[in-house]
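What follows is a short report on a single structure.
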Amino acid sequence: MSTTQSSAAEEEGGRASSPVAPASGGPGVRVASPAASGSPGSRESAAARVRKRLSTTTASLVAIVIAALWTLPTAGLFISSFRPEQEIKTTGWWTMFTDPQLTLDNYREVLFSANQGQLASYFVNSFVITVPSTVFVVVLAALAAYALAWVNFPGRDWVFLGVFALQIVPLQMSLVPLLRFFSQGVTIGDVQVLPAWDLPGAFAFTNVWVAHTIFGLPLGIFLLHNFISQLPHSLFEAARVDGAGHGVLFRRVVLPLIVPALVSLAIFQFLWVWNDLLVALIFAGGDVSTAPLTVRLAELAGTRGNEWQRLTAGAFVSMVVPLIVFFALQRYFVRGLLAGSVKG
Amino acid sequence: MPKFPNPRTTIAATLSLVLLTGGCAYLSGGGGSAGADPDSPECEPYAQWQDIGGSVSIYASIRDEEAERLRRSWQKFIDCTGIDIQYEGSGEFEAQVQVKVDGGNAPDIAFFPQPGLLERFAASGDLVAAPESVQQLAEEGWSQDWLDYATIDGTLYATPLGANFKSFVWYSPTFFADNGYEVPQTWDELIELSDTIADDGVKPWCAGLESGDATGWPATDWIENVILRENGPEVYDQWVNHEIPFNDAKIAAAFDRADEILRNPDYVNGGFGNVQSIAITSFQEAGLPILDGECGMYLMGSFYAAQWPEGTEVSETGDVYAFNLPPINPEQGTPVMGGGEFVGAFSDRPEVVAVREYLATAEYANNRAAEGAWFSAHQGLDLEILEVPTDRLGAEILRDPDTVFRFDGSDLMPAEVGAGTFWRGMVNWINGEDTDATLDYIENSWSS
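So the protein lines, in turn, are chains A and B.
For the first sequence, position 59 matches number 59 in full-length UniProt numbering, and the numbering has no gaps at all.
For the second sequence, position 208 matches number 208 in full-length UniProt numbering, and the numbering has no gaps at all.
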């Protein structure tokens with residue numbers, strides 16, 4: 001997975017490294033691009049130099065070699081996933097080319113087999129966990145970033161500093177307190193301030209959603225804030241003159257301009273939640289009703305690892321969705337990567 | 001540049017809604033067991049637990065197919081008593097159970113694969129001691145050797161569940177018969193046999209230490225078995241409890257004895273290569289050359305029975321079978337080493353007690369054994385139910401009243417040693433590190 005990401009990003013990155021911010025092409029906005037506020041001359045040439053160097057034949061060759069080396073293990077895994085169990089366990093994937101034996105048994109076993117793989121059921125859980133977690137983070141982060149960038153209220157800078165600082169706290173530190181918050185509520189002294197979240201059945205997902213949202217927000221707010229705060233002042237003044245309040249400003253002016261940033265944040269968050277094991281293990285539990293794909297994948301090999309051939313197919317089943325998401329939104333991803341990173 | 005993607009947001013919102021409702025519908029569809037008639041004769045053994053009801057959560061490291069077997073093994077209990085059992089298995093059990101307990105989200109019951117972990121939770125006061133009824137069942141079911149591992153400061157906290165036997169030497173009866181080899185009865189015979197096999201051009205032993213994060217543990221089994229057989233259970237206990245140092249002369253002697261086999265280029269590594277190949281061969285694969293006649297013997301726990309490819313006949317005259325590693329010191333007999341899980345509880349609700357009682361009965365042991373690939377040291381276990389002959393052999397030895405049993409030492413040592421430096425030390429040792437240096441390295445890592 002990471003293979004495709006990094007190599008594709010590298011490639012695109014080369015092309016997109018010109019400092020013209022992606023937002024400049026916003027739909028029908030009559031403003032000069034934010035790039036105008038920087039010092040285009042010197043940057044342009046520096047970037048152009050880098051770009052030139054990156055597009056020589058040697059550089060391309062090196063990139064291709066790196067990409068091939070990087071992809072090789074994944075390709076081997078992919079080939080392995082179609083080989084019969086006995087073959088996987090006794091020979092390397094390259095024997096495939098001299099002695100081709102193909103089977104879909106691994107996929108059938110991990111996806112549908114009644115009490116072994118069942119990845120199909122966990123697949124649904126993964127969606128139920130990932131989609132809301134992504135939506136919550138994107139929506140809340142956009143609102144918060146707007147407020148932090150364009151709403152004047154006392155202590156604004158401190159709040160932003162706090163959010164920025166929170167990124168440094170490793171989430172492992174907050175697992176136990178957060179779990180306690182869910183399972184026991186909050187008590188100060190002997191007074192129960194907040195009750196325990198006793199969520200039955202499908203509502204058990206709420207814990208995971210909240211946890212993922214909490215862990216995803218600091219980076220989301222930071223990223224979007226940097227993006228939104230660079231929108232030109234004149235735009236907001238013009239809109240205000242026309243009588244727009246914050247609600248209208250956000251909806252009609254800001255949102256259309258930050259689509260690339262939103263989408264890239266969504267991809268980030270989606271991939272992170274989809275691939276997450278730790279948070280899911282602790283907040284979702286391990287049974288078939290709430291556990292996502294990653295939890296199931298981690299135990300797929302059996303207590304003593306004797307069924308590890310299943311991991312080949314299992315890995316690709318779990319990889320399909322991130323790949324689709326990535327390829328579908330690839331162009332935003334690259335634009336969004338630069339969001340907030342290149343000033344002006 | 002697309003317009004502000006109204007369609008896209010709509011799609012995203014709809015999609016999440018659809019998935020959510022779909023998910024809920026799918027969830028509510030599951031579960032809901034039929035339930036059996038509580039008065040029917042097949043429910044008779046469960047009569048004493050029938051008026052309790054409720055739900056019990058169990059957390060353990062047993063997962064995948066073995067977890068399914070566990071679920072099936074108590075299905076009848078659920079149907080007859082109406083007590084629901086929510087099982088959850090995770091490979092991250094050791095770390096996660098601590099997080100769950102700290103987070104106030106402890107499971108009702110946990111199966112501890114290491115007595116050391118059990119002891120930690122008992123010491124912190126999180127575990128609930130075994131009630132009178134469970135204690136009684138435990139005493140009927142298991143030998144004192146087993147119960148000692150679940151007894152902390154004189155209080156019994158848990159009952160044993162499954163067991164595995166770690167003194168097995170796997171071999172191929174057909175390969176032995178074809179070449180006129182016989183199963184050795186003493187250590188000297190074992191070395192003699194190894195020499196004979198080596199002279200015939202086959203490497204007599206194979207071994208593999210690779211096991212992901214736990215790489216190195218298979219070699220600790222070698223050392224533990226040798227120490228136990230050479231010096232007896234008392235010295236073994238002292239060693240495990242660090243009452244004698246890790247670099248004691250007795251331990252060094254045991255390493256030297258293992259050295260004769262594990263680091264002898266004439267003896268290893270059947271089917272894989274030289275001595276160094278041991279470190280990079282996975283323990284799951286290490287024994288397989290036995291089937292091809294490329295390796296004579298493989299020391300590995302009883303659970304290795306599941307690793308043989310489908311169609312392999314495991315029996316006394318078949319493709320593979322196992323013998324108990326022979327005694328070294330006649331005075332010490334043949335003490336055996338093994339492992340197992342212990343059923344500890346974090347709650348004392350009546351339904352939790354009921355499940356604890358049930359798991360301690362011979363009835364349960366037989367139900368679980370009937371699902372296959374499992375045995376326990378329970379005295380009441382019906383050996384006829386055990387399908388795999390090596391399981392039968394293991395269970396027979398374990399529950400023999402004369403058998404001296406000791407738990408896998410690395411599971412009893414502090415985690416930084418037993419699941420850390422001991423493993424790493426063994427890997428370095430296989431790769432050629434000096435025995436004394438290895439012993440000093442492990443000793444220095446043991447803080448108290």
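Yeah, the Cβ is synthetic: ideal placement off N, Cα and C, and Gly gets one too.
Every value quoted in this text rests on a predicted model; they were computed, and no experiment measured them.
Give me whichever residues DSSP pairs with residue i in a beta bridge.
i	result
T159/B	V343/B
W170/B	Y298/B and A322/B
R406/B	M337/B
I152/B	T155/B
A60/B	G89/B
V128/B	A345/B
Give the interface partners of residue i over in chain B, defined as CB-CB distance under 7 Å, in chain order.
i	result
N226/A	None at all; the shortest Cβ gap to chain B is about 21 Å.
residue 379/A	Outside the shown range of chain A, which is 1 to 344, sits residue 379/A, and nothing can be said about it.
K52/A	Here the premise fails: no neighbours, minimum Cβ distance about 27 Å.
G162/A	Per Cβ cutoff of 7 Å: no residues; G162/A is ~25 Å from chain B at best.
Any idea what DSSP makes of residue i, helix, strand or coil?
i	result
V31/A	Low per-residue confidence applies at V31/A: pLDDT is 39, beneath 50, and the placement is therefore not dependable, though the value from the model is reported in the following sentence. Coil.
L387/B	Note on identity: in this sequence residue 387/B is Glu, with Leu being the wrong assignment. Three-state DSSP puts E387/B in coil, outside helix and strand.
C206/B	coil
E260/B	helix
M337/B	strand
Y164/B	Correcting the residue type first, residue 164/B is Asn in the shown sequence and not Tyr. In the structure shown, N164/B sits in a strand (DSSP, three-state: E or B).
S282/B	strand
Y87/B	strand
F227/A	helix
S55/B	strand
D434/B	coil
V314/B	strand
I109/B	strand
F375/B	strand
V163/A	helix
T187/A	strand
A177/B	helix
L194/A	strand
H242/B	coil
N106/A	helix
W308/B	coil
I267/A	helix
L439/B	helix
Y122/A	helix
Given that residue i touches chain E, what residues does it touch there, using C-beta distances under 8 Å?
i	result
N306/A	This model lacks chain E altogether; the protein chains it does include are A and B.
Taking Cβ-Cβ distances shorter than 8 Å, what residues in chain A pair up with residue i?
i	result
V99/B	L175, V176, L179 and I282
S143/B	Those within 8 Å of S143/B in chain A number zero; the least Cβ separation is about 25 Å.
Q185/B	Near Q185/B there are no residues of chain A at all, since even the closest Cβ is about 30 Å away, more than 8 Å.
Residue i and residue j look like a contact to me (Cβ under 8 Å); what is the Cβ gap, rounded to whole Å?
i	j	result
T159/B	A123/B	Their Cβ separation, rounded to whole angstroms, is 19 Å, which puts T159/B and A123/B out of contact at 8 Å.
A207/B	A286/B	6 Å
E314/B	I290/B	The sequence given here has Val at residue 314/B, not Glu. So it is not a contact: roughly 11 Å between Cβ atoms.
S133/A	V273/A	5 Å
W93/A	S80/A	5 Å
residue 392/A	I267/A	In the structure displayed, chain A extends from 1 to 344; residue 392/A sits before or after that span and is not available.
A377/B	F168/B	About 15 Å separates the two Cβ atoms, so there is no contact after all.
Cβ of residue i versus every heavy atom of the ligand SAH: is any distance shorter than 8 Å?
i	result
F160/A	This structure lacks the ligand SAH; in fact it carries no ligand of any kind.
Residues of chain A with a CB under 7 Å from the CB of residue i: which are they?
i	result
S133/B	Under the 7 Å cutoff, chain A gives no residues; its nearest Cβ is about 29 Å from S133/B.
E92/B	L281
Applying a beta-carbon distance threshold of less than 9 Å, which residues of chain B neighbour residue i?
i	result
Q184/A	G103, G104 and N105
Q86/A	P309 and E310
query = Would you say the segment 194-206 of chain B touches the segment 351-360 of chain B, given that touching needs at least three Cβ pairs under 8 Å?
reply = Result no; under three Cβ-Cβ pairs closer than 8 Å.
inquiry  = Count Cβ pairs between the segment 87-95 of chain B and the segment 363-377 of chain B that sit closer than 8 Å; are there 3 or more?
reply    = They do not touch, by the three-pair rule.
ask   = Below 8 Å, can you find three or more Cβ-Cβ pairs linking the segment 212-232 of chain A to the segment 162-169 of chain A?
value = These segments touch.
task = Would you check if there are 3 or more beta carbon pairs closer than 8 Å linking the segment 245-258 of chain A to the segment 139-155 of chain A?
result = With the cut-off at 8 Å, the segment 245-258 of chain A and the segment 139-155 of chain A touch.
request  = Could you tell me whether the segment 175-191 of chain A touches the segment 105-112 of chain A, where touching means 3 or more Cβ pairs closer than 8 Å?
outcome  = In the pairwise beta carbon analysis, the segment 175-191 of chain A is classified as not touching the segment 105-112 of chain A: fewer than three pairs are separated by under 8 Å.
ask   = Does the segment 209-218 of chain B touch the segment 356-365 of chain B, meaning 3 or more C-beta pairs lie closer than 8 Å?
value = Taking 8 Å as the limit for Cβ pairs, the verdict is that the segment 209-218 of chain B does not touch the segment 356-365 of chain B.
task = Check whether the segment 231-250 of chain A touches the segment 123-141 of chain A, counting contact only when three or more Cβ pairs, one atom from each stretch, lie closer than 8 Å.
result = Three or more beta-carbon pairs separated by less than 8 Å are not found between the segment 231-250 of chain A and the segment 123-141 of chain A, which leaves the two stretches without contact.
task = Answer yes if the segment 237-244 of chain B comes into contact with the segment 409-422 of chain B, meaning at least three C-beta pairs across the two stretches below 8 Å, and no otherwise.
result = Between the segment 409-422 of chain B and the segment 237-244 of chain B, the count of C-beta pairs closer than 8 Å reaches three or more; the two stretches touch.
message = Check whether the segment 384-393 of chain B and the segment 173-185 of chain B touch, using three or more Cβ-Cβ pairs below 8 Å as the test.
response = Cβ pair count under 8 Å is below three, so no.
key: Three CB pairs or more closer than 8 Å across the segment 287-299 of chain A and the segment 75-82 of chain B   = The segment 287-299 of chain A, when compared against the segment 75-82 of chain B, does not touch it at the 8 Å Cβ threshold.
ask   = Counting pairs of beta carbons, one from the segment 143-161 of chain B and one from the segment 271-288 of chain B, are three or more of them closer than 8 Å?
value = Touching, no, given that fewer than three Cβ pairs across the two stretches are closer than 8 Å.
query = Does the pairing of the segment 330-339 of chain B with the segment 227-239 of chain B give three or more beta-carbon distances under 8 Å?
reply = Contact holds: three or more Cβ-Cβ distances are below 8 Å.
Stretch pair the segment 90-102 of chain B + the segment 389-403 of chain B: three plus CB contacts closer than 8 Å = Contact fails: fewer than three Cβ-Cβ distances are below 8 Å.
inquiry  = Using a Cβ distance threshold of 8 Å, determine whether the segment 301-308 of chain B contacts the segment 126-141 of chain B, with at least three qualifying pairs required.
reply    = No contact exists between the segment 301-308 of chain B and the segment 126-141 of chain B.
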